[in-house]
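J.:
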Amino acid sequence: MAFIQKAIFAVVLLAVSLHRQTEAATHIVGGVSGPGWTFQTSNPTFYDTWASQETFAVGDVLVFNYASTQHDVLEVTGADLSTCTVPDSPIALNKTSNGGTLTISTSGTHYYICGITQHCPSGMKMTLTTAGSPPAPPVASSPPAATPPSNKSDAASIKSTLFTFNVMVAIVLAVVSITIL
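According to mature numbering (1 follows the signal peptide of the UniProt record, and there is no 0), the stretch in the sequence shown is residues -24 to -1, 1 to 157, in order.
Okay, structure coming up:
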């Protein structure tokens, strides 16, 4: 009977460790080494191109790097984005100092613009689409320790490394728990 309890405990530890893989991702809009959230007059589709190369999910965090005295971020409708209209009541608004973050809270297509006059027509607009369903809540939350990767292959490599690390931690915890119990 004691062996079964130890085995169940080990499986639970493994499951908890693997569960952390569903945590939300953090995306720096425009890429880690990109220009931040700013004018793109020479390449008005810059942000759409960047977003098309990323994978977004409900719960992911978008980091907009900008000077608060110069820009802001509004989540708007598709119609507002296509006409660069600043609505009286945007879906979401971020006017914090030195940029800010917005969390993707629903699946589907999301539209973002800068609400300052003439900034949206100057390329400060972006459309992105989320993939899949929302991730399960994380077991424990902590701020990201490092700058997120700028492309999918780096992200996959980091996720693979984290997965391997979590599996190894779970195995060590399982072995320790079996020897202690």
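Quick reminder that beta carbons are idealized off the backbone N, C-alpha and C, glycines included.
Secondary structure at N127, three-state DSSP: helix, strand or coil?
T.: Bear in mind that the predicted position of N127 carries a pLDDT of just 47, short of 50, making it unreliable; the figure below should be weighed with that in mind. In this structure, N127 counts as coil in the three-state DSSP scheme.
J.: Taking buried to mean at least 16 other C-beta atoms within 10 Å of its own C-beta, is A(-10) buried or exposed?
T.: Model confidence at A(-10) stands at a pLDDT of 49, short of 50, so the residue's coordinates are unreliable and nothing is read from them.
J.: For I89, list the residues DSSP reports as bridge partners.
T.: In DSSP, I89 forms a bridge with L50, K101.
J.: Relative to the alpha-carbon of T2, which residue among L104, S28, L38 has its alpha-carbon at the smallest distance?
T.: Ranking the options by Cα distance to T2, first place goes to L38.
J.: Beta-carbon separation of T77 and F32 under 8 Å?
T.: The answer is no: Cβ separation not under 8 Å.
J.: Alpha carbon to alpha carbon, how far is A27 from G35? Give it in angstroms, no decimals.
T.: When rounded, the distance between both Cα atoms is 16 Å.
J.: Does DSSP classify A1 as helix, strand or coil?
T.: Coil at A1, not helix or strand.
J.: Could you check whether the Cβ of A43 sits closer than 7 Å to any heavy atom belonging to the ligand PLP?
T.: The model on display carries no ligand, and the ligand PLP is accordingly not part of it.
J.: Could you tell me the alpha carbon to alpha carbon distance between T45 and T82, rounded to whole angstroms?
T.: Answer to the nearest angstrom: the Cα atoms are 29 Å apart.
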